[in-house]
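Notes follow once the structure below has been shown.
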Amino acid sequence: MSESMNTEITSAEIARLSARSQERAQIEHRAQKARYDSLTRCLLIKTRKGEDFRVNVDLLQGVASADDSQIANLEILPGGEGIHWPALDASLLVHGLCTGMYGSKRWMESLSVKQAG
Numbered sequence: 027m028s029e030s031m032n033t034e035i036t037s038a039e040i041a042r043l044s045a046r047s048q049e050r051a052q053i054e055h056r057a058q059k060a061r062y063d064s065l066t067r068c069l070l071i072k073t074r075k076g077e078d079f080r081v082n083v084d085l086l087q088g089v090a091s092a093d094d095s096q097i098a099n100l101e102i103l104p105g106g107e108g109i110h111w112p113a114l115d116a117s118l119l120v121h122g123l124c125t126g127m128y129g130s131k132r133w134m135e136s137l138s139v140k141q142a143g
């Protein structure tokens, strides 16, 4: 007979996780606004701190090969932590986008190979 796992979360754990989330929100980039500019094929992100970032969508895993209408259909995830493209079933973290991380480690390695070649 197997023991059942205790999956209850205590109020102390909730408080700890909430504090950690608030700390991360102060350090990491979070989106306030985001839109796609089809003329430049760039994702334009305005962070909650008022910073503006421009990212070429041809660098983004899960987004690079999509057409303009699919890319333009984007959503900012709750808390501004990520951007999601429903038609592409793709999501990327805003902090990663703003710091040059456009996908998985393997994706980033493939970009390096393309740029070197």
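To convert, count from 1 in the sequence shown and add 26; that's the working numbering. All C-beta atoms in this analysis are idealised placements derived from N, C-alpha and C, irrespective of residue type, glycine included.
What is the rounded straight-line gap between the Cα of Phe79 and the Cα of Ser136?
-> 23 Å
Measure the CB-CB distance between Glu107 and Val120 and report whether it falls below 8 Å.
-> yes
Looking only at DSSP bridge pairs, what is Asn82 linked to?
-> Cys68
Of the choices Leu118, Glu77 and Gly105, whose alpha-carbon is the least far from that of Ile12?
-> The structure shown has nothing for residue 12, since the chain only spans 27 to 143.
Quick one: grab the DSSP three-state call for Gln87.
-> In the three-state reduction of the DSSP assignment, Gln87 falls in the coil class.
Contact under 8 Å by Cβ, Val83 with Arg61 = no
Take the Cβ of Arg42 as the centre, count every other Cβ of all protein chains shown within 10 Å, and call the residue buried at 16 or more, exposed below.
-> exposed
Could you pull out every unbroken beta strand (DSSP E) segment of at least 3 residues lying fully inside the region 106 to 138, listed in chain order?
-> 108 to 111 and 116 to 119
Kindly indicate which three-state DSSP category Glu54 falls into: helix, strand or coil?
-> Coil.
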